[in-house]
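Here is the structure we will look at.
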Amino acid sequence: MGTQKGPALAGLSRILGPDALLTDPAARLVYSRDSSHMTLGRPLGIALPADASTLRKVVRFCKVNELAVVTRGTGTGLSGGAVPNEGEVVLATSQLKALGPVDDQGLRVRAEAGVLNDQVSAHASSFALHFAPDPSSQSISSIGGNIAENAGGPHCLRHGVTLHHLLRLEWCDVQGRALTTGRGLACERGIDLTSLLCGSEGTLGVVTAADLKLVTDPQSVATMAAFFPDLNDATGSVVSLLRAGLMPVAVEMVDQPMLEAVEAAFGFGFPTDVAAAMILEFAGQPEEVAEDADQAGNLLMGNGAREIRRAEDAATRMELWKCRKKAFGAVGRLAPSYVTMDVVVPLGKLPDLVREIQVIKAKHGVEIATAFHAGDGNLHPGVHYDDRDSELRRAAHEAADEIIRTALAMDGSVTGEHGVGIEKLHAVPWQLDPVSLELMWDIKRVFDPEDRLNPGKALPPPGSALAVPPSVPRGCTFNWDSMTVTAEADVSLSELQAQALERGLWLPVGLAAATTQADDPMGPGLGSDRSISSVVENILFSPALVAGGSARHFLLELWAETGAGRLLHTGAPVFKNVAGYNLAQMLCGSGRVLAQPRAATFQLRPAPEKLGVWRFADLSGDGNFWEGIHSLIDRLAHRDPTLGGPVFVIDGSQEDCSASGPQGTVTVLAPGRDRSWDLGDLDKRLVEVASLAGLELLEQKRFDFRSWSHALVHLPDWALAWPDWSVSAKRIQGKIEADRGPGDLQKTSFLPQKPPSRMIWQASPALVWIPGSATENEGWCCDHCCSGGKPTQLPDPDAGVPLDLLRGMKKVFDPDGRLDNPLWLKDENHG
Amino acid sequence: MADQRQTAKSHLAELLRSCVQCGLCLPTCATWLATGNEVHSPRGRLLLLEEVLNIEDPDTNIPVAFLAAFDHCIGCRACETACPSGVPFSLLEYGQGLAGDLVVNGSPEIPQPAVPGFVLRRLDSPSVLRFLGRVAGGTRSFFAGILGRRWRSRLDHLPVGMRSLVRLVGSMPTAPETDDQLRALLDDLVKSSSVVPPQTYPEDAPVSDDSPSDVAFFQGCANNGLLSGPSRRLCELLRSAGCRVEVPQGQDCCGALAAHTGRPTRAAAQHHRNREVFNKNTGTGSRIVVEAAGCGLELKEGLGDLGSQVIDAVHLLSGLNLPVLRAVPLKVAVHDPCHARHGQGISQQPRELLSRIPGLTLVEAAEVEVCCGSGGVWGLRYPEISEQLGRRKAENLATTGADLVVTSNPGCLGQIADGLALIAPDLPILPLTDLVWYAVKPE
Ligand SMILES: Cc1cc2nc3c(=O)[nH]c(=O)nc-3n(C[C@H](O)[C@H](O)[C@H](O)COP(=O)(O)OP(=O)(O)OC[C@H]3O[C@@H](n4cnc5c(N)ncnc54)[C@H](O)[C@@H]3O)c2cc1C
Ligand code: SF4
Ligand code: SF4
């Protein structure tokens, strides 16, 4: 460390102003700690920059002056990620508090890094929207910290973890450059820097703001608690619930010792003579929720629950959640010290792990209380001890390590959401193999060659990895109990889906089937098949996709061969995993520029029961066709995105769509349940709106979702072909606009002024496909080029994306350029 | 002596071990919200306290920066309510005590109050307060006369010293003195409110009565000196609910001011005097009713055995049958004084009480649990943070779209009035009991 303290502080003070640089002993003590109870040294000073530009100046200053920087949100990390070494600079984001206006059509909002998680939802509440990731620390943890740790929470079971709610990051690298991670489109191809930065614990860059996805508030919520006398019955019930086709928004659990601590703290009046309490929540339409909750209640009683309590009002609901969310805080009542683990295992292994923990507890003679994100297979066993007794301390840490090793032996991960920090550094080498750790370090060196950003966190030292990677799997293997599938690169998606659908599950990235469209002059269509490698390489792959999300969302584990011929295994077959960098997600959608997929594991979800198909026509020629479609879309645009669809296939081609008055048909596809409140309700609303808009119902059918391909005969041929291109879209004030991301001026609205005659509009994520006839001269810009049925090369990255860093990564993964080489990755003058 | 200190220390250290450093208390801490500096957060202060307790050698000086951190604590106790782990406020109070010497003797890190000491020390006298109240009232009218309704924000750009004077004037608690003034104000508000008056109003359902009883009324210096109108009306209200109200003569300040300005002997003497007065005048079973939440909390602790008979006025009213006579179609936001909400666990009662008034709509502001930044003498020593918090509170209250804000502590009343004058000069604030009085006493 070459820098003198005095001049360094004077320099920082000049940038920050004297009030925003803390150097007194009180601040140096307080900022040397976080919620992890760990401590390394005292920081040189604490910078509280007032805005992002000052923050970047601080980062640059530190680099130039050879100072290490530890970014800090609100210091609620449980793995010591924000704990500085002696003499480092703590960079606190607490003053970056701006929240942008809520975009209630695009369902997004921009938040600066220091905004608290809860504040985002409070800000969006008047639009009946919220930010889904809900760590139990949500009242206090910062968005920047959530991103850096890829935080999870109870409701991430249905909605996904923080990463799945990020559209775009604003960040700065170690040089203090103002950067972004892309355009922030609903579904974006490219080397995904958002995935790489998310979960990287401040070691690759500093996040200054993010565009966050919002989700709609459910109309109705049912929260219930089930009390189980037997722990096995409780853990076993988790899989039974999901396998029964129920998709609760959250399935949480606390065991007996934890229940007792919570009772002591809050006195909810819960029974404490049971082995576990499960808290689950359903959300959706009132009838749906009531039906699901009844079914779940019966199932749980049949599985050994002794008692079920349902929260009838908001206050009781809050109480039930408090029991789970305040569990961590209540732990202080159990013992003065504890080691909290964050292991995660495949769902089917949950009962085994919980049994093993009982054995380990007895063997080491320690006390363990556990809170679970049970639906995710994520457990927080806490070993409690009195730290004044060194013997107890040793036993506690031994027991903790044994639990971690046991989880790893079950294909689990050391950490599902709390991050590695410094606390789990010793255990990560048990999980990572040498190639993946080496690649992570290579990436770190590209981003931060001198190791100035949060040194000594997140990654264990180079060369320390001990795990032997599993060999590349063959064929297609389903793990029904864990709701995952592992498939080799050339396995066909249609085969995979067909098998999954037989068991009532699917991979909600869209449908494909081996039909006879291969000879179509327009190229193989929706009906044609796709391989798993194509799903991984091109997250967008299917026009009339009735999907719940992108492949990036459901990809858990990846085997890939880098351009340099190294076989990389990254991720784990678990629903949450933050051990090391998110290489699998980063590579997903990156075409074939860094590595070639060899096999992948995906999460499966309960499949919809039915696929509803409606076909409407405007026979009147009164010119209201597009308005009619608009009203239809309006009615359905805000459906819960996790349901998938609906999709509108709009065919205005019967007549020239000119001023004389367009005519045409629109086909609506929506997955759902065969009930009066779901597809029945949709039916009513669609017909009602359509008749108001002068559209006539030609046909209405409901297909068993398993035989969904029969629905394809209702689509025009062009909709089955690969379109020339697709665009992320959003709706603004009754118009659909090409979504080029915020701040981009090239938005072009085309409804209703100048609609292309044929297109497919998908509500969630908002995407538009336009077949061959649409061209750029209609004012659209092409983002996700596909031509002749094959995805083309990756589009140029957004101007804010650091090409030099991407090129650096290319050198790491594919030094000799053996794989695809888009111009922008090769050409130093490009961009 | 040293032994005793050691025992006290290890007792505190034991209490401190229940803090798991989760940080869940931070978002309720006003000083953290205002500064974004974790030193000024409950968890930060507790970490510093841990270090202080670790200092073995009694001669080792505690760094002044630590003491300054303890001293920044308003003592609002919001963190105690928020803490899932049951960490008691007494720990922070101990820290405040350590800083006490510096407060008295002065130190560059510990600011002195923005008012001279000789004035500060006399603020527990109703007549001094009455005088100051008149001066402040006159000054406010003067400014309003020349600068108009938005006088407060027009004066917001003055240099620091002048500004704190303006703030003193703006935050001196005030409320309509005569009944007619109060009625006129509320009549006007009702007329201009968008809330539709109810067609019929339901019978006020009788509450499970602590049936009408004898109450001894504690006057409080600020209420007595600055808010005599509301005090008088409160007594009327209690009488119309069937209480026999006695105002014992010879009562003194509750003792909070002396305690918070480093004069424990004076505080003890005041406690003693009040004990004597109330002992003489309060039968067993009758209640000592206190209008200001701050005094209530101090008395519960300071009156010794009588403490258990002390009851907050709003709390008492919420349990009485009131002959509510008229609808008050207004949107009303309640501000809970910390000493009621966190100090005495009173937050449901005011809402229950108000929801019995026909036509009245309650609206809830964001950050209800956060201190308004008044903090009595604290606000005089940390005017900048205090002002910032007052604005923040006013903003949160104004965002609800309320027609009226009500509260039940003179300090909060003045602080929020000043914030509202800056942010939303058309949004009035009144003592909560005045609003109830208006519903009960049409003429
Ligand atoms: C009571 C309690 C309950 C919790 N429950 C959950 C839970 O349910 N789920 C869960 O996932 N976690 C949980 N946590 C852990 C913790 O709250 C999360 O990890 C949270 O995301 C951390 O946010 P923070 O703002 O406190 O970050 P900090 O602790 O300040 O920092 C955490 C890491 O992020 C980095 N960082 C922070 N801000 C930035 C930035 N702007 N740019 C780059 N790097 C940054 C830091 O360097 C550090 O490595 C809980 C913690 C507590 C105390
Ligand atoms: S005082 Fe309570 S809420 Fe605050 S950090 Fe400690 S345990 Fe958490
Ligand atoms: S008492 Fe109030 S000001 Fe003091 S630490 Fe607690 S919340 Fe903060």
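In the order they appear, the protein sequences are chains A and B.
If you count the first sequence from 1, position 187 lands on 481 in the numbering used here, and the numbers rise without skipping.
If you count the second sequence from 1, position 103 lands on 322 in the numbering used here, and the numbers rise without skipping.
Glycine included, each C-beta is placed from N, C-alpha and C at the ideal position.
Quantities reported herein were computed from a predicted structural model and do not represent experimental measurements.
Reduced DSSP secondary structure (H/G/I, E/B, other) of Tyr632/A: Position 338 of the first sequence, counted from the first residue, corresponds to residue 632/A. Under the three-state reduction of DSSP output, Tyr632/A falls in the strand class.
- prompt: Cβ atoms of Gln579/A and Trp1002/A: under 8 Å apart, would you say?
  reply: Position 708 of the first sequence holds residue 1002/A. Position 285 of the first sequence holds residue 579/A. Going by C-beta atoms, Trp1002/A is not nearer than 8 Å to Gln579/A.
message: Would you say the beta carbon of His356/A is closer than 7 Å to some non-hydrogen atom of ligand 2?
response: Your numbering for residue 356/A matches position 62 in the first sequence. The question names His, yet the displayed sequence has Cys at residue 356/A. No; taking the cut-off as 7 Å, the Cβ of Cys356/A has no heavy atom of ligand 2 nearer than that.
task: Using only the heavy atoms of ligand 2, determine whether one of them is closer than 7 Å to the beta carbon of Cys295/B.
output: For the purposes of this step, residue 295/B is taken as the residue at position 76 of the second sequence. No, the beta carbon of Cys295/B sits no closer than 7 Å to any heavy atom of ligand 2.
query: Cβ-heavy atom distance between Lys751/A and ligand 1 below 7 Å?
result: Here residue 751/A is taken as the residue at index 457 of the first sequence, counted from 1. Flag set: Cβ of Lys751/A near ligand 1.
- prompt: Would the beta-carbon of Asp727/A fall within 8 Å of that of Ala761/A?
  reply: As a first step, residue 727/A must be located in the first sequence, where it is residue number 433. As a first step, residue 761/A must be located in the first sequence, where it is residue number 467. Contact: yes.
Beta strand (DSSP E) runs contained entirely in the segment 308-395 of chain A, provided each spans 3 or more residues: If we require 3 residues or more, the beta strand (DSSP E) runs fully inside the segment 308-395 of chain A come out as 339-341, 363-366, 383-386.
message: Please list, in chain order, the chain A residues whose beta carbon lies closer than 8 Å to that of Pro246/B.
response: Here residue 246/B refers to the residue found at position 27 when the second sequence is read from its first residue. What Pro246/B touches in chain A: Leu410, Asp412, Ser433, Ile434.
task: Please go through the same chain and pick out, in chain order, the residues whose beta-carbon is closer than 7 Å to the beta-carbon of Arg886/A, but skip the five residues on each side of it.
output: Indexing the first sequence from 1 puts residue 886/A at position 592. Cβ neighbours of Arg886/A within its own chain (closer than 7 Å, five residues either side excluded): Glu831, Leu1113, Asp1114.
query: Can we count Cys292/B as close to ligand 3, meaning its CB is less than 7 Å from some heavy atom?
result: Your numbering for residue 292/B matches position 73 in the second sequence. Relative to ligand 3, the beta carbon of Cys292/B is positioned inside 7 Å of a heavy atom.
message: Please tell me whether Gly669/A and Val868/A are closer than 8 Å, where the distance is taken between their beta carbons.
response: Your numbering for residue 669/A matches position 375 in the first sequence. Your numbering for residue 868/A matches position 574 in the first sequence. Their beta carbons are not under 8 Å apart, which means Gly669/A does not touch Val868/A by this criterion.
message: DSSP has Cys770/A in a bridge; who is on the other side?
response: One-based indexing of the first sequence puts residue 770/A at position 476. Beta-bridge partners of Cys770/A (DSSP): Ala781/A.
message: When you measure from the CB of Leu265/B to every non-hydrogen atom of ligand 2, does any distance come out below 7 Å?
response: Along the second sequence, one-based indexing puts residue 265/B at 46. Yes; taking the cut-off as 7 Å, the Cβ of Leu265/B has a heavy atom of ligand 2 nearer than that.
- prompt: Count the other CB atoms within 10 Å of the CB of Thr226/B; is the residue buried (16 or more) or exposed (fewer)?
  reply: For the purposes of this step, residue 226/B is taken as the residue at position 7 of the second sequence. The residue is exposed, with fewer than 16 neighbouring Cβ atoms inside 10 Å.
query: At a Cβ threshold of 8 Å, is Arg1112/A touching chain B?
result: Mapped onto the first sequence, residue 1112/A falls at position 818. For Arg1112/A, not one C-beta of chain B is nearer than 8 Å to its own C-beta.
query: Is any heavy atom of ligand 2 found at a distance shorter than 7 Å from the C-beta of Val239/B?
result: As a working mapping, residue 239/B is identified with position 20 in the second sequence. It does: the Cβ of Val239/B is within 7 Å (strictly closer) of some heavy atom of ligand 2.
Every unbroken alpha helix (DSSP H) inside the segment 489-521 of chain A [4 residues or more]: Unbroken alpha helix (DSSP H) stretches of 4 residues or longer found wholly inside the segment 489-521 of chain A: none.
task: Quick one: grab the DSSP three-state call for Asp814/A.
output: Residue 814/A sits at position 520 when you count from the first residue of the first sequence. Bear in mind that the predicted position of Asp814/A carries a pLDDT of just 39, short of 50, making it too unreliable to give a figure here.
task: Find the residues of chain A that neighbour Pro303/B, judging by a C-beta separation of less than 7 Å, and give them in chain order.
output: Here residue 303/B refers to the residue found at position 84 of the second sequence. One finds Ala559, Lys620, Gly623, Ala624 in chain A with Cβ atoms closer than 7 Å to the Cβ of Pro303/B, taken in chain order.
message: Let me check you understand the geometry: is the CB of Asn256/B closer than 7 Å to at least one non-hydrogen atom of ligand 1?
response: Mapped onto the second sequence, residue 256/B falls at position 37. Asn256/B Cβ: outside cutoff for every heavy atom of ligand 1.
- prompt: Which runs of the alpha helix (DSSP H) spanning at least 4 residues fall entirely within the segment 554-631 of chain B, listed in chain order?
  reply: Taking only runs of at least 4 residues, the alpha helix (DSSP H) segments lying wholly in the segment 554-631 of chain B are 557-560, 567-574, 596-600, 602-618.
task: Could you work out which residue in Arg353/B, Gly352/B, Arg373/B is closest to Phe362/B when comparing CA atoms only?
output: To locate residue 362/B, count along the second sequence from 1; it is residue 143. The candidate whose alpha carbon is nearest that of Phe362/B is Arg373/B.
- prompt: How about the segment 611-631 of chain B and the segment 578-596 of chain B: do they share at least three Cβ pairs that are nearer than 8 Å?
  reply: These segments touch.
query: First and last residue of the alpha helix (DSSP H) that includes Ser1107/A?
result: In the first sequence, the residue the question calls residue 1107/A occupies position 813. Residue identity check: residue 1107/A is Phe in the sequence provided, not Ser. Where Phe1107/A is concerned, the enclosing alpha helix (DSSP H) stretches over 1097-1107.
- prompt: Can you name the residues of chain A whose CB is closer than 7 Å to the CB of Ala288/B?
  reply: Numbered from its first residue, the second sequence carries residue 288/B at position 69. What Ala288/B touches in chain A: Ala320.
- request: Determine the direct distance from the alpha carbon of Gly974/A to that of Phe576/A, and round the result to whole angstroms.
  value: Looking up residue 576/A in the first sequence gives position 282. Looking up residue 974/A in the first sequence gives position 680. Approximately 20 Å, taken between the alpha carbons.
field: When His534/B, Leu541/B, Ala532/B, Thr580/B are compared against Pro548/B, the one with the closest alpha-carbon
entry: The sequence position of residue 548/B within the second sequence is 329, counting from 1. Of the listed residues, the one whose Cα sits closest to Pro548/B is Thr580/B.
Any non-hydrogen atom of ligand 1 within 7 Å of Gly493/A CB: The residue you call residue 493/A lines up with position 199 of the first sequence. Result no, Cβ not under 7 Å from ligand 1.
task: Spell out whether any CB of chain A is found under 8 Å from the CB atom of Val347/B.
output: Stepping through the second sequence from its first residue, residue 347/B is reached at position 128. With a threshold of 8 Å between beta carbons, Val347/B makes no contact with chain A.
Residue interval of the beta strand (DSSP E) (run including His678/A): Translated into the one-based positions of the first sequence, residue 678/A becomes position 384. That run of the beta strand (DSSP E) goes 672-679.
- request: Kindly list, in the order they appear in chain A, the residues whose Cβ is closer than 7 Å to that of Ala512/B.
  value: In the second sequence, the residue the question calls residue 512/B occupies position 293. Within 7 Å Cβ-Cβ: nothing; Ala512/B doesn't reach chain A, min ~25 Å.
task: Run down chain A in chain order and give the residues with a C-beta less than 8 Å from the C-beta of Glu270/B.
output: Against the second sequence, residue 270/B aligns to sequence position 51. What Glu270/B touches in chain A: Leu323.
Touch test, the segment 515-522 of chain A against the segment 779-791 of chain A, Cβ-Cβ under 8 Å, three pairs minimum: No: fewer than three Cβ pairs fall under 8 Å.
query: Exposed or buried, what is Val653/A when buried is set at 16 or more other beta-carbons lying within 10 Å of its beta-carbon?
result: In the first sequence, the residue the question calls residue 653/A occupies position 359. With fewer than 16 Cβ atoms within 10 Å of its Cβ, Val653/A is classed as exposed.
- prompt: From Leu733/A to Ala721/A, what distance separates their C-alpha atoms?
  reply: For this step, residue 733/A is matched to residue 439 along the first sequence. For this step, residue 721/A is matched to residue 427 along the first sequence. In a straight line, the C-alpha of Leu733/A is about 18 Å away from that of Ala721/A.
message: For a cutoff of 8 Å on Cβ pairs, would you count Asn615/B as touching chain A?
response: Along the second sequence, one-based indexing puts residue 615/B at 396. Not closer than 8 Å to any Cβ of chain A, the Cβ of Asn615/B fails to qualify, so no.
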